[in-house]
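Here the sequence shown is numbered in the UniProt record's numbering, starting from 1 and rising by one per residue. Just so it is clear, CB atoms sit at the ideal spot from N, CA and C, and this is done for glycine as well.
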Amino acid sequence: MAGACYKCPVSLSVFKRSLSVAPRGCGSAPRSLLPGWRLGERGLQEAARPSSALRPASFYRHTAFLCLSCQESMSESLRTCYLYLNQTSRSFAAVIQALDGELRHAVCIFYLVLRALDTVEDDMSIPLDKKVPMLNDFHTYLYQDEWCFTESQEKDRQVLEDFPTISLEFRNLAQEYRDVISDICHRMGVGMAEFLEKKVGSMKEWDQYCHYVAGLVGIGLSQLFSASQLEDPEVGRDTELANSMGLFLQKTNIIRDYLEDTQEGRAFWPQEAWSQFAGRLEDLAQPEKLESALSCLNLLVTDALRHVPDVITYLSRLRNQSVFNFCAIPQVMAIATLSTCYNNPMVFQGVVKIRKGQAVTLMMEATNMRAVQNIITQYSQEVGCVVVSVFPAFTTSTFFNAVGLVLPLCRFYRRSPSPIRHGTRPCTSWP
1 MAGACYKCPV SLSVFKRSLS VAPRGCGSAP RSLLPGWRLG ERGLQEAARP SSALRPASFY
61 RHTAFLCLSC QESMSESLRT CYLYLNQTSR SFAAVIQALD GELRHAVCIF YLVLRALDTV
121 EDDMSIPLDK KVPMLNDFHT YLYQDEWCFT ESQEKDRQVL EDFPTISLEF RNLAQEYRDV
181 ISDICHRMGV GMAEFLEKKV GSMKEWDQYC HYVAGLVGIG LSQLFSASQL EDPEVGRDTE
241 LANSMGLFLQ KTNIIRDYLE DTQEGRAFWP QEAWSQFAGR LEDLAQPEKL ESALSCLNLL
301 VTDALRHVPD VITYLSRLRN QSVFNFCAIP QVMAIATLST CYNNPMVFQG VVKIRKGQAV
361 TLMMEATNMR AVQNIITQYS QEVGCVVVSV FPAFTTSTFF NAVGLVLPLC RFYRRSPSPI
421 RHGTRPCTSW P
């Protein structure tokens, strides 16, 4: 595995220690551009950016995943970008900074650009007549030296207020990276603007929304991987697989964060699904609606699982260890989260989360294809056991059709016992 700095021999241990104390991998709101990264992050801290003249000694501790010599060789603006990265995505900042070579800088800037775009979309204090043009034109701000936005009320406003630093480092990237980031930013901004004034209605529109806010992230990352020559050109060309990587993560976020979103007036569950069980989306949280709510929940979990075969195929194509870790960790966190959500009343009553120790184990073990396949098999089987025990009549349901595509792929790669242990008795009712 590549360390956080390819020049530093101790970086692997630094990366592993960072994972062992990382926040749990399950606390983000689903209106997220970067679902994979946000599966393991906390919000941006409120502290203002320190001035360049008075940079505190603690600044370098914020970029501790890079060796000191590499930090000192970076420009002031690039160090600031890594400071923002560590502030906004503490857990997966480690995985980003573990990427090899110049790809690390490109992904860092890609993350911050999309985080800034996401902050505009999320900010309910910006009127629509101002927000829509900002989203449509945001990609042009990358080439404007002084553009910034100081009127945001969001916790992440720092990346907008200091956008000139981010855009400067964007312009310092190689042309092949700039082209990818600018294109994805443009397409995503247009998609966000489209969904500002319409709700997610059909299941097809759910896929479309998730494509705009997450699938495009997967496509952009894949193109960056190929542009860096760390991965084959095929990885960047196969946009269907890359899109599925993003959709699987985004749907997991949306499913898990039902209660938080409805309480804040946001609606991302597709009407085509919830209208089968309730008159209003928020009605699913009523105790008397629990049975209907669980049916809707399970329907959406099943829909998300149909992306897993694409996830398996995508990951199996990766050759660079640092890229594999970067991609695999969010995916195994997502399958574990979906398993926890399935038929779980807590989705409608509180916060659903996987255990911190479980999250750390997943992060540490998801470093090769066989281990990932075993993890996916285990959690798919856990959901299957619930189906068998609670819904015995559903053995020919859509769920079994979806998972029936997953398990043969997993068994194809399975050569060793699963590295994930939970102390639970194996299910004998699942094939």
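query, result
"Pairwise C-alpha distance: R280 and A273", "11 Å"
"Contact belief for S339 with Y314 at Cβ below 8 Å, rounded distance in angstroms", "With 8 Å as the limit, S339 and Y314 do not qualify as a contact, their Cβ atoms being about 20 Å apart."
"Classification of E231 by the beta-carbon crowding that lies within 10 angstroms, buried from 16 upward", "buried"
"Alpha-carbon spacing of L224 relative to S292, whole angstroms", "43 Å"
"Selected residue, minimal CA-CA separation from A366, among I126, C341 and A334", "A334"
"Presumed contact (8 Å Cβ cut-off) between N325 and V95, rounded CB distance", "6 Å"
"Chain-order list of residues whose beta-carbon lies under 6 Å from that of H139 (same chain, five-residue window excluded)", "S182, C185 and H186"
"Neighbour-count burial assignment, residue 496, 16 or more Cβ in a 10 Å radius", "Coverage of the chain is limited to positions 1 through 431, which leaves residue 496 absent and any answer about it impossible."
"Three-state secondary structure (DSSP) of S226", "helix"
"Under 8 Å between C-beta atoms of T88 and D156", "yes"
"Presumed contact (8 Å Cβ cut-off) between F149 and F163, rounded CB distance", "7 Å"
"Residue environment, M134, which counts as buried when at least 16 other CB atoms sit within 10 Å", "buried"
"Local conformation of Q349 per DSSP, three classes", "coil"
"Closest residue to K131 among Y177, V190, T165 and V323 (Cα-Cα distance)", "V190"
"Alpha-carbon to alpha-carbon, L294 and Y342", "8 Å"
"8 Å Cβ cutoff met for R317 and V217", "no"
"Closest residue to Y258 among M346, Y209, S228 and Q373 (Cα-Cα distance)", "M346"
"Reference M192; option with closest CA among H211, I312, M364 and E76", "H211"
"E240 to F248 span [Cα, whole Å]", "12 Å"
"For I335, three-class secondary structure by DSSP", "helix"
"Host alpha helix (DSSP H) of T361 (start-end)", "K356 to E365"
"Contacting residues, own chain, Cβ-Cβ under 7 Å from Q45 (five flanking each side not counted)", "Annotation note: pLDDT 30 at Q45 (below 50); position unreliable, coordinate value reported separately. Once the five neighbours on either side are set aside, the close Cβ partners of Q45 are Q87."
"N136 versus I254: straight-line alpha-carbon distance, rounded", "24 Å"
"Of the listed residues L284, D303 and C296, nearest to Q250 (C-alpha basis)", "D303"
"For V351 and L362, the rounded distance between their alpha carbons", "20 Å"
"Where F268 sits in the DSSP three-state scheme", "coil"
"F195 and A285 closer than 8 Å at C-beta", "no"
"Secondary structure of K131, DSSP reduced to three states", "helix"
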